[in-house]
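Chains as they are written, first to last, in the numbering used here: chain A, 45 to 335; chain B, 82 to 393.
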């Protein structure tokens, strides 16, 4: 962007060193970052870490209390709860990162199109965004999940639809302000094609806020995935996810409370870690966007 | 003011139509085939054709749309695919449970959250402020259905203080008794949100010029806070409350499942589990209407809180 008029973009261009220093300066942020790294490692190396296969059932070992063999006990099918929680991290993290990413791309395309072209397109898209924003994310997720039926990509779509309007709004607002910048007007005046202007000048300048919102939404996406899986609309049994471990646990309340307690704790810790990390990244990259 | 109210209500009609259109499109145009979703992957081609004919899914899309809208307007929701029960009756049976849960949770959320936020802002940096902020953080971190499950395990299962499931036998006291834990679950989550919002808004307002003026004139601290600051902080809080009520409403789906309560949420989940397509559709319509209504009511409420608002 800067090659045309030499206008410095406002959002990015925080030297990476400053960002990392600011992030590391805060003990809580460091703890959250370590926690996230450990969670990712746990998900990635689940087969190596987990003491048992998460799917192997054993009637004889049903509803065991925690012991040296089964640290978190077993569920009603005799499956090792710890192994299930470890493997459950896979779907939670994968969906928690992937779906906001898809939402960011889809929402940005929508928002940039509306903001850049304006007029009737903007009015229609704006109205649609406003309407979708009025819906709680969970309700949109349930709507799409109910319409699409179960499946991995169906779940990604359900989660992405519930976040996309949030990204679209920010992309639209940022595009509107970048649209009037001299370097964009210069590009328009010199006859650069719209697609080129959008890709070369608009997108790099609105990327900052989008990335900030993206990190903030990971925590929510993980919580939402857990809720949908708990409701039977997300990750399907027997594949473990923290949400459906709680769902199974609820059917086995009198058997063992350990699956519910440990899977819920895993969700809470993960959401907390991503929340703190997202907040910190937001503070550093874009202080104005907060609150 | 009256002009604004009338215009705002009139504006809700196209919004409602747009919402219904979205529900219609979501259930018809998305790649998932409702017949396939309802009958499962093993359905034969004949069964699928029969099912589509039965639900009118074989008609042209515009015709389906017109029928759909007309049916909603006449409140004709059809019959359940499972047991042929009238969905209208089913909705009326379940609606009160969800409404009472949402209302009770909202009352608790406001009664706990607002005072906590006010105290937290006034005593900024004190122990109580840190306590309130940890509470708010927990509210954002702990999923509502997990909190519900913990309360259920701890208070109902282990201590036997509350019933394990159901919505009560119809008596007022018994219904309230069954309402306590679900309402507290959602109420606490909402209180976390409300307290954080109240705290940050009040802190911002307390830094304004008119608050300094009030203090400079010698107004006593309670008067400054309640009369000058809190009243001005109320508008953003009320707006946030609208969002919070809606997320409480959607949270009620999982809470109803946890506590085995009847309600729109458990009706919806039942519908999805039994692939009862007309029930799913009717339920989503009702939820959508709620979204539009809550937004409308919150907007109108804003006019009364803040007379500066005029038609924009």
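Every residue gets a Cβ at the ideal spot worked out from N, C-alpha and C, and that includes glycine. If you're wondering where the values come from, they're calculated on a predicted model, not measured in any experiment.
Discussion item. If the criterion is Cβ atoms closer than 8 Å, does the pair residue 185 of chain A and residue 208 of chain A meet it?
Written reply: Along the first chain, read from residue 1 onward, the residue named residue 185 of chain A stands at position 141. Along the first chain, read from residue 1 onward, the residue named residue 208 of chain A stands at position 164. For the 8 Å CB-CB criterion, residue 185 of chain A and residue 208 of chain A do not form a contact.
Would DSSP call residue 357 of chain B helix, strand or coil? Numbered from its first residue, the second chain carries residue 357 of chain B at position 276. Residue 357 of chain B: coil per DSSP, three-state reduction.
Considering only DSSP beta bridges, list what residue 174 of chain A is partnered with. As a first step, residue 174 of chain A is located in the first chain; it is residue number 130 there, counting from the start. According to DSSP, which records beta bridges pairwise, residue 174 of chain A is partnered with nothing at all.
Where residue 97 of chain A sits in the DSSP three-state scheme
Within the first chain, the letter at position 53 stands for residue 97 of chain A. Note: residue 97 of chain A maps to coil in three-state DSSP.
*Going by beta carbon distance, what residues of the same chain come within less than 7 Å of residue 361 of chain B, once the five residues before and after it are set aside?*
Residue numbering aside, residue 361 of chain B sits at position 280 when the second chain is read from its first letter. Within the same chain, residue 361 of chain B has close Cβ partners 349, 352, 353.
Practice prompt. Would you list the one or two residues that DSSP bridges to residue 124 of chain A?
Written response: The sequence position of residue 124 of chain A within the first chain is 80, counting from 1. Bridge partners of residue 124 of chain A: A/118.
Is residue 271 of chain A close to chain B, meaning its C-beta is less than 8 Å from at least one C-beta of that chain? Position 227 of the first chain, counted from the first residue, corresponds to residue 271 of chain A. Yes - at least one Cβ of chain B is within 8 Å of the one on residue 271 of chain A.
- With distances taken Cα to Cα, identify the nearest neighbour of residue 285 of chain A among A/131, A/71, A/227, A/111. Here residue 285 of chain A refers to the residue found at position 241 when the first chain is read from its first residue. Selection A/131, A/71, A/227, A/111 evaluated against residue 285 of chain A yields A/131 as nearest (Cα-Cα).
Next on the checklist: Between which two residues does the alpha helix (DSSP H) holding residue 266 of chain B run?
Outcome noted: Position 185 of the second chain, counted from the first residue, corresponds to residue 266 of chain B. Secondary structure note for residue 266 of chain B: its alpha helix (DSSP H) is the uninterrupted segment 253-287.
Worksheet entry | Contact list for residue 129 of chain A against chain B, beta-carbon separation under 8 Å | For the purposes of this step, residue 129 of chain A is identified with residue 85 of the first chain, where counting begins at 1. Residues of chain B passing the Cβ test: none, with the nearest at roughly 13 Å.
Would you call residue 308 of chain A buried or exposed, if buried means 16 or more other Cβ atoms sit within 10 Å of its Cβ?
-> Position 264 of the first chain, counted from the start, is the residue given in the question as residue 308 of chain A. It counts as buried.
Contact with chain A by residue 222 of chain B, beta-carbon distance below 8 Å = As a working mapping, residue 222 of chain B is identified with position 141 in the second chain. Taking Cβ atoms only, chain A reaches closer than 8 Å to residue 222 of chain B, which makes this a yes.
Legend entry - Closer than 8 Å to chain B by CB, residue 178 of chain A: The residue labelled residue 178 of chain A in the question sits at position 134 within the first chain. Interface with chain B (8 Å Cβ-Cβ cutoff): residue 178 of chain A is included.
Which residues of the stretch 308-336 of chain B have a Cβ closer than 8 Å to any Cβ of chain A? Give them in chain order. Of all residues in the stretch 308-336 of chain B, those with a C-beta nearer than 8 Å to a C-beta of chain A are 324, 327, 328, 330, 331, 332, 334, 335, reading in chain order.
Requested in this report: Please list the partners that residue 202 of chain B has in chain A, where partner means a Cβ-to-Cβ separation under 7 Å.
Outcome: Along the second chain, one-based indexing puts residue 202 of chain B at 121. The contacting residues do not exist; residue 202 of chain B stays about 14 Å from chain A at best.
Quick one: using the 10 Å Cβ neighbour count with 16 as the cut-off for buried, is residue 175 of chain B buried or exposed?
On the second chain, position 94 is the one that residue 175 of chain B refers to. Classification of residue 175 of chain B: buried, given that the 10 Å Cβ count is 16 or more.
How many angstroms separate the CA atom of residue 272 of chain A from the CA atom of residue 231 of chain B? Position 228 of the first chain holds residue 272 of chain A. Position 150 of the second chain holds residue 231 of chain B. Rounded to whole angstroms, residue 272 of chain A to residue 231 of chain B spans 18 Å at the Cα level.
Once DSSP output is grouped into helix, strand and coil, what is the label at residue 167 of chain B?
Working through the second chain from its first residue, we reach residue 167 of chain B at position 86. In the structure shown, residue 167 of chain B falls within a strand segment according to DSSP collapsed to helix, strand and coil.
Sequence ranges, alpha helix (DSSP H) only - wholly within the stretch 231-309 of chain A, length at least 4: Uninterrupted alpha helix (DSSP H) stretches at least 4 residues long and entirely within the stretch 231-309 of chain A occur at 238-241, 247-274, 286-294, given in chain order.
Query - Run of the alpha helix (DSSP H) containing residue 234 of chain B, from where it starts to where it stops - result: For this step, residue 234 of chain B is matched to residue 153 along the second chain. Segment: none, residue 234 of chain B is in no alpha helix (DSSP H) and carries neither H nor E.
Subject >> Pairwise C-alpha distance: residue 377 of chain B and residue 182 of chain B >> reply: The sequence position of residue 182 of chain B within the second chain is 101, counting from 1. The sequence position of residue 377 of chain B within the second chain is 296, counting from 1. Cα to Cα, the separation comes out at about 20 Å.
- prompt: Taking a cut of 9 Å between CB atoms, which residues from the stretch 210-234 of chain B lie near chain A?
  reply: Hits within the stretch, in order: 218, 219, 221, 222, 223, 224, 225, 226, 227, 228, 230, 231, 233, 234.
Residue 160 of chain B in three-state terms, based on DSSP: In the second chain, counting from the first residue as 1, residue 160 of chain B sits at position 79. Strand.
Check your understanding: Which residue comes first and which comes last in the alpha helix (DSSP H) that contains residue 215 of chain B?
Key -> Within the second chain, the letter at position 134 stands for residue 215 of chain B. First-last of the alpha helix (DSSP H) with residue 215 of chain B: 208-222.
| message | Using a Cβ distance threshold of 8 Å, determine whether the stretch 314-325 of chain A contacts the stretch 67-86 of chain A, with at least three qualifying pairs required. | response | With the cut-off at 8 Å, the stretch 314-325 of chain A and the stretch 67-86 of chain A touch.
Worksheet item: Taking a cut of 7 Å between CB atoms, which residues from the stretch 366-378 of chain B lie near chain A?
Response: 368, 372, 376: these are the residues of the stretch 366-378 of chain B whose beta carbon lies less than 7 Å from some beta carbon of chain A, given in chain order.
Leaving out the 5 sequence neighbours to the left and right, which residues in its chain are closer than 8 Å to residue 321 of chain B when beta-carbon positions are compared? Within the second chain, numbered from 1, the residue matching residue 321 of chain B stands at position 240. Cβ within range, chain order: 274, 275, 278.
### Message
One question on the structure: do residue 43 of chain B and residue 191 of chain B come within less than 8 Å of each other, judged by their Cβ atoms?
### Response
For chain B, the structure presents residues 82 to 393; residue 43 of chain B sits outside this window and is missing.
Rounded to whole angstroms, how far is the Cβ of residue 333 of chain B from the Cβ of residue 187 of chain B, which I believe are closer than 8 Å? Here residue 333 of chain B is taken as the residue at index 252 of the second chain, counted from 1. Here residue 187 of chain B is taken as the residue at index 106 of the second chain, counted from 1. Not really, about 11 Å apart at Cβ, beyond 8 Å.
**Prompt:** Cβ of residue 163 of chain A within 8 Å of Cβ of residue 212 of chain A?
**Reply:** Start at 1 with the first residue of the first chain, and residue 163 of chain A comes out as number 119. Start at 1 with the first residue of the first chain, and residue 212 of chain A comes out as number 168. Taking 8 Å as the Cβ cut-off, residue 163 of chain A and residue 212 of chain A do not qualify as a contacting pair.
_Does chain B have any CB closer than 8 Å to the CB of residue 308 of chain A?_
As a working note, residue 308 of chain A is residue 264 in the first chain. For residue 308 of chain A, the answer is yes, since a Cβ of chain B falls inside 8 Å of its Cβ.
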